[in-house]
Amino acid sequence: MIGVGFGDLATTVAYLHAANLFKTYTLHRKRVPVLRGVSLEVAKGECVAVLGKSGSGKSTLLHLLGGLDRPDRGGAGAGKISVDGVDLASLRFRSLDRYRAQSVGFVFQLYHLLPELSVLENVTIAAMVKGGSIGASTRGRAVEMLGEFGLGDRLAHRPAELSGGERQRVALARALINTPPLLLADEPTGNLDPATGGQILDLLDAFRNRNSATMVIVTHSMDVARRADRVVRLVDGVVSTA
Amino acid sequence: MYQILLNKKYLTGKVMPLLAALAVALCTTMVLVVWSVMGGFLSTLLAQGRAMMGDVAIHWPTTGFAHYDDLISRLEEDKSMVAGATPVIETLAMASLPDNRIEGVQVKGIDAASYARVVDFDQTLWWRPMTEALPRDVERRDPRLDPRSAERLSQALADARAMARPMVPGGPAVPAAITGIEVTGYSRRSREGFYNINEGLLRPQPDGGVKSVGSFAPDATITLRMVPFDEGGREVSLVPGVFPIANEFRTGVYDIDKRTVFVEFKKLQEMLKMNGGTVVTRDQADNDLFAAGSPKATGVVVPARATTVLVRAAAGVSPDALRAHCTKVYRQFAAAHVRGVPPPEMVESNNLIRTWEMQNATLVGAVKKETAMVLLLLWLISFVASFLILAIFWAMISEKTKDIGTLRAIGASGAGVAGIWIIYGLVIGVIGSVLGVALACVIVVNINPIHEWLGTALGLYVWDPRVYYFTQIPSKVEPVRALVVGLSGVMFSLVGAIVPAVRAAAMKPVSALRFE
């Protein structure tokens, strides 16, 4: 178990509150329900692992929490997400973009690094998106962070020149450069061997401890789930109580 | 900021933007070269015509109008508007050419001294000794360069300036004609732009045979048959006149060079009975064109007439401004000669005070329309470049879908993502346009040497001076045109970038991230 325990948070106010989330996609004119009324509360500083099989709606849930997509409205889907007291449904597109830039750090299974940019640029671009131009201090912070992540000698390298573990460390540095209060990780170790995956989780753990960040990790790995404060199981679009 | 960073990377790391910039550059070059040449062609045509015919003509055809000398004095009073004015008589004639052909020509009676103040007539006189060859005459085959002909050519030039030449060698000088260089058909223009005089021409004869005729027009004579009209517009009788040809002129406007013969003003005035004098007999019932109901009595002095007064604008005065000034002066002039000159309302309603451009509206209009049509076609072709850029950007955005998803995930807005491609299009447009305009300038400035090279190396002469008015292809790039074409290149590029940019902005982040 990493960070503070579930018991300590039981009486605290939820930092992230998701209630009755529905999400249906239309594929080839067929409606495919992915989330069927998911509710979730995460306390500030808590790390929750969302466990489930492929297609259970884990990633969709993460996208909704991160403001990359919106839950269904009307009918059964009257879902609501609030983060730190802010109702995401009330945010217009531009505000939702700002929310992602300022409050959320995404880590993806496939890293999603920009291939034309160097390691350093891939990290600093998140700061640029958040604040426009960046100063020497931001650049220095990125260099320092990459040094801590063991990539001090790879700053000018392109993603194609890195191993999977190195790429994920770069992606992690990009997610953390703006010190977001909420970290959303989608299978962060899914493409890595256990040892490298462990290193990534250690880095996430260290960041969370240092900054009291709230974290939701989507995984199908029990090993990863065991390191979270709490585990939520998603089965066919609903939270399983079993 | 991140848009600039990404643009820097995309622009330097891919071949596609280079191709897009190249497409913009080629289109820009193509449009600017054609516009410069066609526009230069039109400008030269206008300048040439203006130089030959003055800026404004006040015209009353056939019968002409009296007191033209007073009108000229009134016009020349305001030196800030008028540089000079000259009387001209214009009429039609049947010309018997030296080889017995009959051609219809326009005869212009000019007063050499004042005519030279109004139009650049002297510089159009073709036969004169020369030391410097025409630009394309690299082999110096122009007969005017031959020092053995210098004396004869000098004589021809002097005869033209005096508008007189002896009918036979050694005889007394008599009023002479100056014919347009295409009138006699003696002189044939070479590819280099000069006229040959060395070859004798064979002319068909009525008996089926051919006759060799001399090919130097200033050695020949021309017979002009004209119909004079009295001040009432009635023809009097057919008047023939034989004129030695003093010289030939070339304006570069084929219609003028083919159909115009200049003769001395007083001589023509006399032939057409427009020289004034005392009316000996007069029918009381006659119609007076300008003062009906006021018949002239026997013994009244009728003033001399001219059909046209040509006016040259002072420096900096536009033809249209001069035309307005001439209209104003004509009203004052007509008020001073009531019943003696055409009323101003008739002159104005018949549009008889005209700029050179108005007089030659058909020719100028045709060239203008041709230029506009060619440009329109080229703009349309250039618009294709927009679609090329659209296609290139569309492909790039498809390739970058995942990256767009990533950018949206880290907080980039739809507008911010669109901005990447708009800036990209702008940069490609600017680079392409700058390159294109620079290339066009190099081509236009060197278009004549390039054309020469094409002719020498490949036998490809697109601009044949035997066909076109000018020996040289216009080779000046107007800065305003370059600016318009350059900005259009940028605009087309931006237009091509907008649709893909909107597509990028409209991408759903989740779909983009999941794009395979």
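Chains as they are written, first to last, in this note's numbering: chain A, 18 to 259; chain B, 37 to 552.
Ideal Cβ positions, reconstructed from N, Cα and C, are used throughout, including at glycine.
For residue i, three-class secondary structure by DSSP
{"i": "A/R243", "result": "helix"}
{"i": "B/P211", "result": "strand"}
{"i": "B/Q241", "result": "coil"}
{"i": "A/R46", "result": "coil"}
{"i": "B/T344", "result": "strand"}
{"i": "A/L85", "result": "coil"}
{"i": "B/V383", "result": "helix"}
{"i": "A/F39", "result": "strand"}
{"i": "B/L133", "result": "coil"}
{"i": "A/N228", "result": "helix"}
{"i": "A/H80", "result": "helix"}
{"i": "B/S354", "result": "coil"}
{"i": "B/L523", "result": "helix"}
{"i": "B/M199", "result": "coil"}
{"i": "B/H361", "result": "helix"}
{"i": "B/F230", "result": "coil"}
{"i": "B/R367", "result": "helix"}
{"i": "B/A256", "result": "coil"}
{"i": "B/A333", "result": "Confidence in B/A333 is poor, its pLDDT being 49 and thus under 50, which makes the residue's placement unreliable; the coordinate value appears in the next sentence. Coil."}
{"i": "A/G148", "result": "helix"}
Distance between residue j and residue i (C-alpha atoms, nearest Å)
{"i": "B/V174", "j": "B/P510", "result": "19 Å"}
{"i": "B/D195", "j": "B/E126", "result": "22 Å"}
{"i": "B/I281", "j": "B/F298", "result": "10 Å"}
{"i": "B/G277", "j": "B/Q142", "result": "14 Å"}
{"i": "B/W430", "j": "B/G90", "result": "57 Å"}
{"i": "B/T98", "j": "B/A131", "result": "18 Å"}
{"i": "A/G181", "j": "B/G441", "result": "20 Å"}
{"i": "B/G522", "j": "B/M409", "result": "20 Å"}
{"i": "A/G169", "j": "A/V160", "result": "7 Å"}
{"i": "A/R156", "j": "B/L416", "result": "48 Å"}
{"i": "A/N208", "j": "B/L426", "result": "37 Å"}
{"i": "B/S248", "j": "B/Q159", "result": "31 Å"}
{"i": "B/V246", "j": "B/G221", "result": "16 Å"}
{"i": "B/A445", "j": "B/T65", "result": "42 Å"}
{"i": "B/H373", "j": "B/W96", "result": "15 Å"}
{"i": "B/A212", "j": "B/D156", "result": "19 Å"}
{"i": "B/R180", "j": "B/L111", "result": "39 Å"}
{"i": "B/M37", "j": "B/A548", "result": "22 Å"}
{"i": "B/G329", "j": "B/V124", "result": "Unreliable placement is indicated for B/G329, whose pLDDT of 46 sits below 50; no coordinate value is reported for it."}
{"i": "A/L130", "j": "A/F224", "result": "20 Å"}
Nearest to residue i (by Cα), restricted to the options the options
{"i": "B/G140", "options": "B/L471, B/A102, B/V263", "result": "B/V263"}
{"i": "B/A342", "options": "B/A370, B/D105, B/M382", "result": "B/D105"}
{"i": "A/G164", "options": "A/A66, A/L82, A/I194, A/K61", "result": "A/I194"}
{"i": "B/V347", "options": "B/I138, B/A518, B/V118, B/A212", "result": "B/V118"}
{"i": "B/P53", "options": "B/I464, B/N396, B/A548", "result": "B/I464"}
{"i": "B/R295", "options": "B/F230, B/T215, B/L549", "result": "B/T215"}
{"i": "A/R48", "options": "A/V55, A/F39, A/S56", "result": "A/F39"}
{"i": "A/V146", "options": "A/F166, A/Q126, A/K70, A/G122", "result": "A/G122"}
{"i": "A/I234", "options": "A/N228, A/L218, A/R227, A/A223", "result": "A/L218"}
{"i": "B/L55", "options": "B/S529, B/A540, B/N136, B/A350", "result": "B/S529"}
{"i": "B/Q508", "options": "B/I483, B/W489, B/A474", "result": "B/I483"}
{"i": "B/A518", "options": "B/P211, B/L47, B/M37, B/V73", "result": "B/V73"}
{"i": "B/A102", "options": "B/N136, B/G312, B/G450", "result": "B/G312"}
{"i": "B/S251", "options": "B/G376, B/L193, B/E435, B/R225", "result": "B/R225"}
{"i": "A/S281", "options": "A/L113, A/S73, A/R158", "result": "Residue 281 of chain A lies beyond the range of chain A shown here (18 to 259); nothing can be said about it."}
{"i": "B/V154", "options": "B/F285, B/K436, B/G120, B/P379", "result": "B/G120"}
Inter-residue CB distance, residue i and residue j (contact presumed, cutoff 8 Å)
{"i": "B/L424", "j": "B/A59", "result": "5 Å"}
{"i": "A/V187", "j": "A/V136", "result": "5 Å"}
{"i": "A/K97", "j": "A/L251", "result": "Rounded, the Cβ-Cβ distance is 18 Å, inconsistent with contact."}
{"i": "B/C477", "j": "B/V516", "result": "Going by Cβ atoms, the distance from B/C477 to B/V516 rounds to 14 Å, so no, they are not a contact pair."}
{"i": "B/L41", "j": "A/I142", "result": "7 Å"}
{"i": "A/G254", "j": "A/V59", "result": "Contact doesn't hold; Cβ gap of about 19 Å is too wide."}
{"i": "B/L68", "j": "B/V473", "result": "6 Å"}
{"i": "A/A230", "j": "A/P205", "result": "Not really, about 14 Å apart at Cβ, beyond 8 Å."}
Closer than 7 Å: residue i CB and nearest the ligand NAP heavy atom
{"i": "B/A213", "result": "The ligand NAP is not part of this structure, which contains no ligands at all."}
**Prompt:** In chain order, which beta strand (DSSP E) runs of at least 3 residues are fully inside the region 49-131 of chain B?
**Reply:** Within the region 49-131 of chain B, the complete beta strand (DSSP E) runs of at least 3 residues are 92-95.
**Residue ranges of each beta strand (DSSP E) within the region 151-211 of chain A, 3 or longer** = Within the region 151-211 of chain A, the complete beta strand (DSSP E) segments of 3 residues or longer fall at 199-203, listed in chain order.
**Item:** 4 or more residues per run - each alpha helix (DSSP H) lying fully within the region 401-489 of chain B
**Value:** For secondary structure counted as the alpha helix (DSSP H) over 4 or more consecutive residues, the region 401-489 of chain B holds these complete runs in sequence order: 437-445, 450-481.
**Item:** Any alpha helix (DSSP H) of 4 or more consecutive residues that is wholly inside the region 99-136 of chain A
**Value:** Within the region 99-136 of chain A, the runs of alpha helix (DSSP H) at least 4 residues long that lie entirely inside it are, in chain order, 110-120.
**Request:** Go through the region 154-195 of chain B residue by residue and report every complete run of the beta strand (DSSP E) that reaches 3 residues or more, in order.
**Result:** Listed in chain order, the beta strand (DSSP E) elements of length 3 or more contained wholly in the region 154-195 of chain B amount to none.
**Asked** At which residue ranges does the region 279-304 of chain B contain complete alpha helix (DSSP H) runs of 4 or more residues, listed in the order of the chain?
**Response** Restricted to the region 279-304 of chain B, the alpha helix (DSSP H) segments that are unbroken, complete and at least 4 residues in length are 290-295, listed in chain order.
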